[in-house]
Amino acid sequence: MSDSSSEPKRGHFAKEKGEVILREHEYDGIQEYDQKLPNWWLFTFYGAIIWFAVYWFLYYQTPTFRTDREKIIAEMTAIQEKKAAELEKTLASLDDQTLINVWAADPAIVASGEAIYTTNCVACHAADLSATMDAGGTKIPLPGRSLIDGQWTYGGKPMDMFKLINQGSPAGSPGLNGALMQAWGQMLTPKQIAEVTAFIIAKNPQEFPVTP
Amino acid sequence: MSQGNTKTTITYDDTSVRQFMIASIIWGIVGMLVGVIIATQLSWWQMNGKFLESISFGLFKGEGLQYITFGRLRPLHTNAVIFAFVGNMMFAGVYYSTQRLCKARMGSDLLSRIHFWGWQLIIVAAAITLPAGLTRGKEYAELIWPINIAVALIWVVFAINFFITLAKRNEPSLYVALWFYIATIVTIAMLYIVNHLSIPTSWIHSYPIFGGLQDGLVQWWYGHNAVAFFLTTPILGIMYYFLPKAANRPVYSYRLSIIHFWSLVFIYIWAGPHHLLNTDLPRWLQNLGMLFSLMLWAPSWGGMLNGLLTLRGAWNQLRTDPVIKFFAAGITFYGMSTFEGPLLSIRAVNAISHYTDWTIGHVHSGALGWNGFMAAAMFYWLAPRLWKTKLWSTSLANMHFWVGLVGILLYVAALWTAGVSQALMLNQLDETGSTLKYEFVETLKSIHIEYLLRSIGGTLYLVGFILCGINIWMTARSGVATNDTAEVAVLQREKKDFMSWKESIFNDPLAYIFLGIVLVCLWFFLPKGANIAALVAAILLSIKAVMSFRKNGEQWANWHERLIENYLPFTLLVFVSVAIGGALQIIPSLVINRDKNIEGRLQELYTPLELAGRDIYIAEGCYNCHSQMIRTLKPDVMRYGRTGVADDYSHLGESIYDHPYQWGSKRTGPDLAREGGPLAQGAKHMRIGKRDNVWHYNHFLNPRQTSDGSNMPNYPWLYESKTDFKSLPKKIAVQQKIGVPWPAMTKDEIEQSAREQAMEIATNLVQGGVLLDSNDKLQGDELRNYLSEQKVVALIAYMQKLGAYKEVKREGGVQASPLDPDSYRPGSMPVEKPAETPAAPTPAN
Chain A
1 MSDSSSEPKR GHFAKEKGEV ILREHEYDGI QEYDQKLPNW WLFTFYGAII WFAVYWFLYY
61 QTPTFRTDRE KIIAEMTAIQ EKKAAELEKT LASLDDQTLI NVWAADPAIV ASGEAIYTTN
121 CVACHAADLS ATMDAGGTKI PLPGRSLIDG QWTYGGKPMD MFKLINQGSP AGSPGLNGAL
181 MQAWGQMLTP KQIAEVTAFI IAKNPQEFPV TP
Chain B
213 MSQGNTKTTI TYDDTSVRQF MIASIIWGIV GMLVGVIIAT QLSWWQMNGK FLESISFGLF
273 KGEGLQYITF GRLRPLHTNA VIFAFVGNMM FAGVYYSTQR LCKARMGSDL LSRIHFWGWQ
333 LIIVAAAITL PAGLTRGKEY AELIWPINIA VALIWVVFAI NFFITLAKRN EPSLYVALWF
393 YIATIVTIAM LYIVNHLSIP TSWIHSYPIF GGLQDGLVQW WYGHNAVAFF LTTPILGIMY
453 YFLPKAANRP VYSYRLSIIH FWSLVFIYIW AGPHHLLNTD LPRWLQNLGM LFSLMLWAPS
513 WGGMLNGLLT LRGAWNQLRT DPVIKFFAAG ITFYGMSTFE GPLLSIRAVN AISHYTDWTI
573 GHVHSGALGW NGFMAAAMFY WLAPRLWKTK LWSTSLANMH FWVGLVGILL YVAALWTAGV
633 SQALMLNQLD ETGSTLKYEF VETLKSIHIE YLLRSIGGTL YLVGFILCGI NIWMTARSGV
693 ATNDTAEVAV LQREKKDFMS WKESIFNDPL AYIFLGIVLV CLWFFLPKGA NIAALVAAIL
753 LSIKAVMSFR KNGEQWANWH ERLIENYLPF TLLVFVSVAI GGALQIIPSL VINRDKNIEG
813 RLQELYTPLE LAGRDIYIAE GCYNCHSQMI RTLKPDVMRY GRTGVADDYS HLGESIYDHP
873 YQWGSKRTGP DLAREGGPLA QGAKHMRIGK RDNVWHYNHF LNPRQTSDGS NMPNYPWLYE
933 SKTDFKSLPK KIAVQQKIGV PWPAMTKDEI EQSAREQAME IATNLVQGGV LLDSNDKLQG
993 DELRNYLSEQ KVVALIAYMQ KLGAYKEVKR EGGVQASPLD PDSYRPGSMP VEKPAETPAA
1053 PTPAN
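Respectively, the protein sequence lines represent chains A and B.
Take the first sequence: its position 34, counted from the start at 1, is 34 in my numbering, and no numbers get skipped.
Residues are numbered in my numbering as their position in the second sequence, beginning at 1, plus a constant of 212.
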């Protein structure tokens, strides 16, 4: 190291004079200062330790924090209530004729219904609603039911479809080869379900003729 | 200093240093290359094997190659980088510096050779077994049990070699670098052994003795502290030796070394549970994990300060010396990632960051920035000295620095963005405020560009590192491998290791610390009232300790000065400091009746076929991308829980029999905790859950058929390789030994049950009209018989069982009990299910 008059003194001499100490011992030529610990650094350390005590005290001695269980049940219950209200509102404005005459007749609604269908439904019902896929020239079945064969196992009215999509296959139903549809009401809003329903209606014009 | 009565000339063993260094560079390139490959797999699923079709001009045909899927290569990448690259780098640094700090040749040349070649053999074994799908299914602890034993043995060889060197040292006191090496050796041995305790079922397979929550705790006690004591402490030791050497400046502060060393090794161990935040893990463990992580910030930055401030007066070298460049950047990245670590450990932040790429970005700012750059600095400093020549090209080293730095920044920034934006999308509610806005796969598609940038960043980093390899190679060629010699004064026996055990253990500073820890633990564990008394006592004791330190500080310092001249008492105290945290977290969860933690839900036992399927799930490394843990967070429960069940997070009891636990640490795909379902109507064993068997069949064959935009590999080989029915009796016998209450079954009954269930599923699949890609002539009963033997059916059986549990009534709510702080909390009684919650459609039975 370079020499200069501001260089710290070694050992006891420096300590007595309150200067920065360069320790006397060397390890393979490596020397060590003995600088004071930076105050800001000490404060972060003390701060974290004090926060430990404060947090632990607040959690275990006071009702400041809810437990995770209390919190999640409160939050999910609120969500469920909101969702139920939303469903009630949608149901109040929907009936078979509205779905056919208004929703399925609106190309914008059908288009957004198709987008939702493409994301969520094609795995089991296929893009062409036939519930089959092409495997090297032959059509093989997908897990879902065809939505264009005129068969409506769980009711053929538009509102039946809405409820089926919302709640999934009815409890106790054997399903198709054991396959049960999940309750899409969990991932989709009532409005989105109505849009998908409108899309399916629009794909079956003979079955659901528009009535003036 | 001893005015050497006798002098002797010693030759340092620099051959081992050269060997470890070269091995580190070679494995580093391999490990990083694998990293780049798996990074591209996240952008293009074809990188899981199909790309070979085009580059081999049709020689290889297939939709995927099982040996190179993400699930199998990711463990290879992490193991290669941690244990092969950093491991060998650490050994090179330890061997070089320890000999010089002890003024003695390594303990035994034979042990050095066994250590080097043994470690390389282990790496080769890992590189063969991991792609072959032989794994224990625990992160950074994937290697199968015979290799575990080899690792433990070689580590002991290293330890013996190291401690012999300490014992015969010709330097009375231990330099701070050696403290960190001691902490590394002792702690890694402890962590590795405990987390690898398992019972073999065959030469290549075993089950860990811990299950469910306990396995999770042990795993992250290990996983987090592998980062601490494999990737951090040895590198800090290396920093303390090589940085002042390279900068030719004294270390900034000796007392900072003492404070940050002891606080770091003591606090680090407690932080493991921060990998399990917001799960159903008991809250007191989560609180400890979070709060200790926050306390870890300062000790970590102590290391950074001592590094960066040592450079005071040497900053001008930054312009000219690539070694200093790499050191300065590496230590800065250390500071950044040890600030980010505590940040990510805050429960609210963790709710966003966990299971996303943010965590991956975080570990890479540590691995690439800290480990990779510190390694490069050390290599560039060592090579000219080991081969007695000049560095071949300083400009190439500078080039390495800039290419590498840009690589890291691209990589880390891309993954920060990816993690945060994906998390925000996953948590986003739509305009009604009652439904999630995005499907999982939509959030995955949205970070495609970040995944591309990450691959580019990783590639740049790899290129930089290859430049390093070339530079070191050319340097070695231009010089002559030389072993340094030194004339040293032989240190008399009485000048070192003179302290009695009594003197090293019974003294003021230790008494205060020990009493303090006891009081703080009593504060954690005692019932209400008594715990406050313990807290008050702890505070009074701290005040007394501070006063005593003010008065007798000299004596305390003197004790520590003497302690570091005695390597065995020092090592013992290090061991005690690192053992406390883990013991206090893990033992209560082992001791407390396990039934306490099930919270009303008890996992349904697997059937033999489901167990076989689970082992396939683990062998394919599915846990690398899928969690099985719905956290106690609204977006998690909304997305993965069942409709109408407000508390449908994953309760601890649901995975209590899982050896190993499969909660996962990253969601590249969605959580799978509720994929399963009840027994199908009329079926004896077969269950059908959220999705049916045909869906799963199609999905494993081509994930994009069922989920457009998925980046999951195709798994065609599951349709062409047979389930191992024969090994099931042995596996079940081992599971019984480790506490899974399997019903008594004979070998024949086990195999019969598995085959029956497989036949049920295969029948269902054939009725569903599935076909085989490879052989579409197989139909009807033939197809059914064929499928029933294939792995895909066993895996489907497992998928359909996920999350199955039975409700268990508990008498009288939570009982206050020792070792369970949460049970003393006011108002900690379980909340009754709200009346409006409809009865849960129990997924099983």
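Backbone N, C-alpha and C fix where the C-beta goes; we use that ideal spot for every residue, glycine too.
Computed from a prediction, not measured in an experiment: that's the story for all the values here.
Subject >> Contact check, Leu864(B) vs Asp492(B), beta carbons under 7 Å >> reply: yes
Original post:
For the segment 56–69 of chain A, which residues have a CB atom closer than 7 Å to at least one CB atom of chain B, in sequence order?
Top reply: Trp56, Tyr59, Tyr60, Pro63, Thr67, Asp68, Arg69
Original post:
So, does the CB of Lys989(B) fall closer than 7 Å to a CB anywhere in chain A?
Top reply: no
**OP:** Decide if Leu1066(B) is buried, meaning its Cβ has at least 16 other Cβ atoms within 10 Å, or exposed.
**Re:** In the structure displayed, chain B extends from 213 to 1057; residue 1066(B) sits before or after that span and is not available.
Subject >> Cβ neighbour criterion (16 or more within 10 Å) applied to Ser236(B) >> reply: buried
Original post:
Interface residues of chain B around His125(A) at Cβ under 7 Å?
Top reply: The premise fails here: His125(A) is roughly 11 Å from chain B at the closest Cβ pair, so nothing lies under 7 Å.
Original post:
Taking 7 Å as the CB-CB cut-off, is Asp34(A) touching chain B?
Top reply: yes
Subject >> beta strand (DSSP E) runs wholly inside the segment 730–794 of chain B, at least 3 long, in chain order >> reply: Complete beta strand (DSSP E) runs here, min 3: none at all.
Original post:
Looking at the unbroken beta strand (DSSP E) that takes in Val700(B), where does it start and where does it end?
Top reply: 697–701
Subject >> C-beta neighbour in chain A for Lys1021(B), strict 7 Å >> reply: no
Original post:
So is Arg23(A) in contact with chain B if we call contact Cβ pairs under 7 Å?
Top reply: Answer yes: the Cβ-Cβ gap between Arg23(A) and chain B drops below 7 Å somewhere.
Subject >> Neighbour list for Asp28(A) in chain B, Cβ cutoff strictly below 7 Å >> reply: Arg312, Leu313
Subject >> Integer-rounded CB distance, given that Phe295(B) should sit under 8 Å from Ile335(B) >> reply: Cβ atoms of Ile335(B) and Phe295(B) come within 8 Å of each other, at about 7 Å.
**OP:** Would you be able to state if there are at least three C-beta pairs under 8 Å between the segment 110–124 of chain A and the segment 677–685 of chain B?
**Re:** No, they do not touch.
Original post:
Under the three-state reduction of DSSP, which class applies to Phe421(B): helix, strand or coil?
Top reply: What sits at residue 421(B) in the sequence shown is Ile, not Phe. If DSSP states are grouped into helix, strand and coil, Ile421(B) belongs with coil.
Subject >> Rounded C-alpha distance that separates Ile950(B) from Lys942(B) >> reply: 13 Å
Original post:
So, does the CB of Trp135(A) fall closer than 7 Å to a CB anywhere in chain B?
Top reply: The sequence given here has Ala at residue 135(A), not Trp. Output row for Ala135(A): interface = yes.
Original post:
The beta strand (DSSP E) spanning Leu814(B) covers which residue range?
Top reply: Per DSSP, the continuous beta strand (DSSP E) segment holding Leu814(B) begins and ends at 813–815.
Original post:
Is the shortest distance between the beta-carbon of Tyr852(B) and the beta-carbons of chain A less than 7 Å?
Top reply: no
Subject >> Residue burial classification, Leu556(B) (beta-carbon count within 10 angstroms, cutoff 16) >> reply: buried
**OP:** Give the DSSP-derived three-state secondary structure of Leu176(A) in the structure shown.
**Re:** Note: Leu176(A) maps to strand in three-state DSSP.
Original post:
Comparing the C-beta of Phe208(A) with each C-beta of chain B, is any distance below 7 Å?
Top reply: no
**OP:** Spell out the partners DSSP gives Gly261(B) in its beta bridges.
**Re:** Gly276(B)
**OP:** Could you name the residues of the same chain whose beta carbon sits closer than 8 Å to that of Asp225(B), not counting the 5 residues immediately before and after it, in chain order?
**Re:** Tyr307, Gln311, Arg317, Met318, Asp321, Ser324, Asn695
Original post:
Per DSSP, Ser414(B) is paired with what?
Top reply: In DSSP, Ser414(B) forms a bridge with His417(B).
**OP:** Determine the direct distance from the alpha carbon of Lys657(B) to that of Val857(B), and round the result to whole angstroms.
**Re:** 29 Å
Original post:
Do Ile962(B) and Met898(B) have their CB atoms nearer than 7 Å?
Top reply: no
**OP:** State yes or no: is the beta carbon of Lys82(A) nearer than 7 Å to at least one beta carbon in chain B?
**Re:** yes
Original post:
the ligand FAD heavy atoms versus the CB of Lys315(B): any closer than 6 Å?
Top reply: Only the bare structure without any ligand can be found here, which leaves the ligand FAD out of the picture.
Subject >> Contacting residues, own chain, Cβ-Cβ under 7 Å from Gln192(A) (five flanking each side not counted) >> reply: Within the same chain, Ile116 come within 7 Å of Gln192(A) by CB-CB distance, once the 5 residues on both sides are set aside.
Original post:
Apart from the five residues just before and just after Ala750(B), which ones in its own chain have a Cβ nearer than 7 Å to its Cβ?
Top reply: Within the same chain, Ala750(B) has close Cβ partners Gly728, Leu731, Val732, Trp735.
**OP:** To the nearest angstrom, report how far apart Phe551(B) and Ala795(B) are at their CA atoms.
**Re:** 26 Å
Original post:
Residues bridged to Ser465(B) by DSSP?
Top reply: According to the DSSP secondary-structure assignment, Ser465(B) is paired through a beta bridge with Asp34(A).
Original post:
According to the Cβ coordinates, are Pro554(B) and Ser505(B) closer than 7 Å?
Top reply: yes
Original post:
Can you list, in chain order, the residues of its chain whose CB lies under 6 Å from that of Phe652(B), leaving out five sequence neighbours each side?
Top reply: The beta carbon of Phe652(B) sits closer than 6 Å to those of Pro882, all from its chain and outside the five residues before and after it, given in chain order.
Original post:
Would Gln39(A) count as contacting chain B if we go by Cβ distances under 7 Å?
Top reply: The displayed chain sequence assigns Asn, not Gln, to residue 39(A). No, its Cβ sits nowhere closer than 7 Å to a Cβ of chain B.
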